[in-house]
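Trainee:
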Amino acid sequence: MTPLRVMLLIALVFLALGWSTKAACLQSHGTGPGDERVANWDNQRAYYELCYSDTVPLYGAELLSQGKFPYKSSWVETDANGAPQIRYDGRIAVRYMEYPVLTGVYQYVSMAIAKTYTALSKVAPLPVVAEVVMFFNAAALGLALAWLATVWATSGLAGRRIWDAALVAASPLVIFQIFTNFDALATAFAMGGLLAWARRRPRLAGVLIGLGAAAKLYPLLFLGVLLALAVRSGRVRGALHTALAAAVTWLVVNLPVMVFYPRGWSEFFRLNTRRGDDMDSLYNVVKSFTGWRGFDPTLGFWEPPIVLNTVVAILFGLACVAIVYIALTAPQRPRVAQLAFLVVAAFLLTNKVWSPQFSLWLVPLAVLAAPHRRLLLTWMTIDALVWVPRMYYLYGNPNRSLPEQWFTATVLFRDIAVMVLCVLIIRQIYRPGEDLVRWHGRIDDPAGGVYDRAPDAPPGWLPGWLRPLSTRRTAEPAQRTPSPATAGRVE
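Counting with mature numbering (1 follows the signal peptide of the UniProt record, and there is no 0), you get residues -23 to -1, 1 to 468 for the letters of the sequence shown.
(1) By DSSP, does residue 383 sit in helix, in strand, or in coil?
(2) Is it true that the CB of residue 152 sits closer than 9 Å to the CB of residue -7?
(3) Would you check if the region 227 to 245 and the region 318 to 330 touch, i.e. whether three or more CB-CB distances between them fall below 8 Å?
(4) Give me the residue from 55, 50, 333 with the minimum Cα distance to residue 39.
(5) In terms of residue numbering, what span does the alpha helix (DSSP H) encompassing residue 58 cover?
(6) State yes or no: is the C-beta of residue 312 within less than 9 Å of the C-beta of residue 424?
(7) Measure the C-alpha to C-alpha separation of residue 111 and residue 103 and round it to an integer number of angstroms.
(8) Please name the residue, chosen from 58, 64, 92, 46, that lies closest to residue 75 on a Cα-to-Cα basis.
(9) Under the three-state reduction of DSSP, which class applies to residue 218: helix, strand or coil?
(10) Which residues does DSSP pair with residue 16 in a beta bridge?
(11) Considering only C-alpha positions, which residue in the set 385, 161, 347, 305 is nearest to residue 446?
(12) Can you give the beta carbon distance from residue 199 to residue 171, rounded, assuming they're within the 8 Å contact cut?
(13) I need the DSSP call for residue 483, collapsed to helix, strand or coil.
(14) Within 10 angstroms of the Cβ of residue 237, are there 16 or more other Cβ atoms? Answer buried if so, exposed if not.
(15) Going by DSSP, what residue range makes up the alpha helix (DSSP H) through residue 524?
(16) Considering just the uninterrupted stretch of the alpha helix (DSSP H) at residue 297, what are its terminal residues?
(17) Identify the continuous alpha helix (DSSP H) that holds residue 358 and give its terminal residues.
(18) Using a Cβ-Cβ cutoff of less than 7 Å, which residues in the same chain neighbour residue 368 once the five nearest sequence positions on both sides are dropped?
(19) Can you name the start and end residues of the alpha helix (DSSP H) that residue 39 belongs to?
(20) Measure the CB-CB distance between residue 80 and residue 192 and report whether it falls below 9 Å.
(21) Could you tell me if the beta carbon of residue 38 falls within a distance shorter than 8 Å of some heavy atom in the ligand FAD?
(22) Beta-carbon separation of residue 86 and residue 98 under 9 Å?
(23) With a Cβ-Cβ cutoff of 9 Å, do residue 204 and residue 190 count as a contact?
(24) DSSP three-state call for residue 71: helix, strand or coil?
(25) For residue 52, which beta-bridge partners are listed by DSSP?
(26) According to the neighbour-count rule (16 or more other Cβ atoms, all chains shown, within 10 Å of its Cβ), is residue 372 buried or exposed?
(27) Could you spell out the range, first to last residue, of the alpha helix (DSSP H) harbouring residue 420?
(28) In the structure shown, what three-state DSSP assignment does residue 126 receive?
(29) Over the uninterrupted alpha helix (DSSP H) stretch that includes residue 46, give me the two end residues.
(30) Does DSSP put residue 407 in a helix, a strand or coil?
(31) Starting from residue 168, trace the alpha helix (DSSP H) both ways and give me its first and last residue.
(32) Is the distance from the Cβ of residue 177 to the Cβ of residue 427 below 9 Å?
(33) How would you call residue 291, buried or exposed, if buried means at least 16 neighbouring beta carbons within 10 angstroms?
(34) Touch check for the region 383 to 394 and the region 343 to 350: three-plus C-beta pairs under 8 Å?
(35) To the nearest angstrom, how far is it from the Cα of residue 350 to the Cα of residue 443?
(36) Could you check if residue 134 is buried or exposed, using at least 16 other CB atoms within 10 Å of its CB as the buried criterion?
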């Protein structure tokens, strides 16, 4: 049996474990046909059973249960008494589907499958299951296939170290987070895009990255990595083709919704603008342990946290500048996976939102960037275990819930583990002899595509302090050596 088949079998086992962790929340409750039954979440079961998934509440909250098309339909936010919520500016709080277009359409297709099953169960001898449970199962099937595609793509990017991809298949994060939300769609497209790039198909890479960005924006960060390395190597055409293909693909997916339902299409961006510091963010960790009230302590309902947004943008911008500097000046060109991990990790660490399932973005990148198995398993285990105190902190039973600091301390350990990985990767960029992937110089970059074994050829307009250290060291002696015509001349 080939290594890939073994890893896919391992992935199936962990995906089954992932489904089993949600199973307690998938028990049908009620009588009658599937569309009259609900999932049994009584007594806050989702928290104390650790089986929470956004998929179940979203089915009703975003009007999918009514068969309505995302982005076209809206609803009014209400308080605990059912009264409409009023925004900070005096207007009624109106909501739309909050996900990027491809993820929203994926939910719509999953809903159609669930409703089709419900209709068939009314006329055929099929098990009667709550429609929302069938919605979850339909979505979970596609997400499982997406994670298998992620494992496949990672194995193709690993080069001679193909077994490193087993850490993607057997990641502890899969057990808790693979079916919490829809992020596996984006990881499949993102890693597929990197695989296409590695196989020197830049346009296909752009198409896949564009599809990933239409599901979750983070794959767009890969374009910055490719462009930075393009400047260093002088091989710009492929990166530009990839960026153009990604932009066109993203636009093709988004344009119909953007044109016909502009208000619904822009909800994703509005929501992210007005969100405060999420409970999993470093900002909330500081608030939890210090009593700090945050950058915007007195906001009205849905009022954007302008100071927080500015701080996040500045911090992430500075991190990107540092990563570009590393990409351009390191003695040896960094590998694509190393920079991709750094930029995604920087985004998560500086961002005001780090939902638990976002950590899935890092799993395949970490395996390719720093294949130190014990260290990776340590981080993944800590990251996966964040789920336990998170659920018990949210659990409303005062006799069984956990204090906030138990949860935020685990988040802090998670963030420190990711920072340690970043430090290790930067160290290996500057000491490539310690990079396990490079194999003492025998291998350059399995995911590099046109950059693999390409010499440094930065453009002439690039200032000296942004050039590779190796080229600066060879240039300096030449500048100091006098020519025969001027040797011995006194001026």
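Cβ atoms here follow ideal geometry from the backbone N, Cα and C, with glycine treated the same way.
Mentor: In short, the structure shows the following:
(1) Locating residue 383 in the sequence shown gives position 406, where the first residue counts as 1. Helix, per DSSP.
(2) Translated into positions along the sequence shown, residue -7 becomes position 17. Translated into positions along the sequence shown, residue 152 becomes position 175. Against a cut-off of 9 Å, the Cβ pair of residue 152 and residue -7 comes out as a contact.
(3) no
(4) Translated into the one-based positions of the sequence shown, residue 39 becomes position 62. The residue with the shortest Cα to Cα distance from residue 39 is 50.
(5) Counting from one through the sequence shown, the residue named residue 58 turns up at place 81. From DSSP, residue 58 is part of no alpha helix (DSSP H); its letter is neither H nor E.
(6) On the sequence shown, residue 312 is found 335 positions in, with the first residue counted as 1. On the sequence shown, residue 424 is found 447 positions in, with the first residue counted as 1. Yes, these two residues count as a Cβ contact at 9 Å.
(7) Within the sequence shown, numbered from 1, the residue matching residue 111 stands at position 134. Within the sequence shown, numbered from 1, the residue matching residue 103 stands at position 126. The alpha-carbon atoms of residue 111 and residue 103 are separated by roughly 12 Å.
(8) As a working note, residue 75 is residue 98 in the sequence shown. The candidate whose alpha carbon is nearest that of residue 75 is 46.
(9) Here residue 218 is taken as the residue at index 241 of the sequence shown, counted from 1. Three-state DSSP puts residue 218 in a helix.
(10) In the sequence shown, residue 16 corresponds to position 39, counting from 1. DSSP lists 5 as partners of residue 16.
(11) Position 469 of the sequence shown, counted from the first residue, corresponds to residue 446. Cα-wise, what sits closest to residue 446 is 305.
(12) As a first step, residue 199 is located in the sequence shown; it is residue number 222 there, counting from the start. As a first step, residue 171 is located in the sequence shown; it is residue number 194 there, counting from the start. Rounded, the Cβ-Cβ distance is 7 Å, consistent with contact.
(13) In this structure the chain extends from -23 to 468, so residue 483 is not present and cannot be described.
(14) As a position in the sequence shown, residue 237 is number 260, starting the count at 1. Burial call: exposed.
(15) Residue 524 falls outside the range modelled here, since the chain spans only -23 to 468, and no answer is possible.
(16) One-based indexing of the sequence shown puts residue 297 at position 320. Where residue 297 is concerned, the enclosing alpha helix (DSSP H) stretches over 283 to 306.
(17) Within the sequence shown, residue 358 is the residue found at index 381, counting from 1. Run containing residue 358: 350 to 362, per the alpha helix (DSSP H) assignment.
(18) Here residue 368 is taken as the residue at index 391 of the sequence shown, counted from 1. Once the five neighbours on either side are set aside, the close Cβ partners of residue 368 are 24, 27, 29.
(19) If you number the sequence shown from 1, residue 39 lands on position 62. Segment: none, residue 39 is in no alpha helix (DSSP H) and carries neither H nor E.
(20) For the purposes of this step, residue 80 is identified with residue 103 of the sequence shown, where counting begins at 1. For the purposes of this step, residue 192 is identified with residue 215 of the sequence shown, where counting begins at 1. For residue 80 and residue 192, yes; Cβs fall inside 9 Å.
(21) With respect to small molecules bound, the structure shown includes none, and the ligand FAD cannot be examined in it.
(22) Here residue 86 refers to the residue found at position 109 of the sequence shown. Here residue 98 refers to the residue found at position 121 of the sequence shown. No. Outside cutoff.
(23) Locating residue 204 in the sequence shown gives position 227, counting from the first residue. Locating residue 190 in the sequence shown gives position 213, counting from the first residue. Not in contact: residue 204 and residue 190 (Cβ atoms no closer than 9 Å).
(24) As a working mapping, residue 71 is identified with position 94 in the sequence shown. Reduced to three states, the DSSP call for residue 71 is strand.
(25) Locating residue 52 in the sequence shown gives position 75, counting from the first residue. Residue 52 is bridged to 72.
(26) Here residue 372 is taken as the residue at index 395 of the sequence shown, counted from 1. It counts as buried.
(27) Numbered from its first residue, the sequence shown carries residue 420 at position 443. Careful: residue 420 lies outside any alpha helix (DSSP H) and carries neither H nor E.
(28) Taking the sequence shown and counting its residues from 1, the one referred to as residue 126 is at position 149. In this structure, residue 126 counts as helix in the three-state DSSP scheme.
(29) Against the sequence shown, residue 46 aligns to sequence position 69. Here residue 46 belongs to no alpha helix (DSSP H), and DSSP marks it neither H nor E.
(30) Walking along the sequence shown from the start, residue 407 turns up at place 430. Reduced to three states, the DSSP call for residue 407 is helix.
(31) Counting from one through the sequence shown, the residue named residue 168 turns up at place 191. Looking at the DSSP string, the run of the alpha helix (DSSP H) that includes residue 168 is 161 to 175.
(32) Residue 177 sits at position 200 when you count from the first residue of the sequence shown. Residue 427 sits at position 450 when you count from the first residue of the sequence shown. Yes, the Cβ-Cβ distance between residue 177 and residue 427 is below 9 Å.
(33) Taking the first residue of the sequence shown as 1, we reach residue 291 at position 314. So residue 291 ends up on the exposed side.
(34) no
(35) On the sequence shown, position 373 is the one that residue 350 refers to. On the sequence shown, position 466 is the one that residue 443 refers to. Going by the C-alpha atoms only, they are around 33 Å apart.
(36) As a first step, residue 134 is located in the sequence shown; it is residue number 157 there, counting from the start. Buried: at least 16 other Cβ atoms inside 10 Å.
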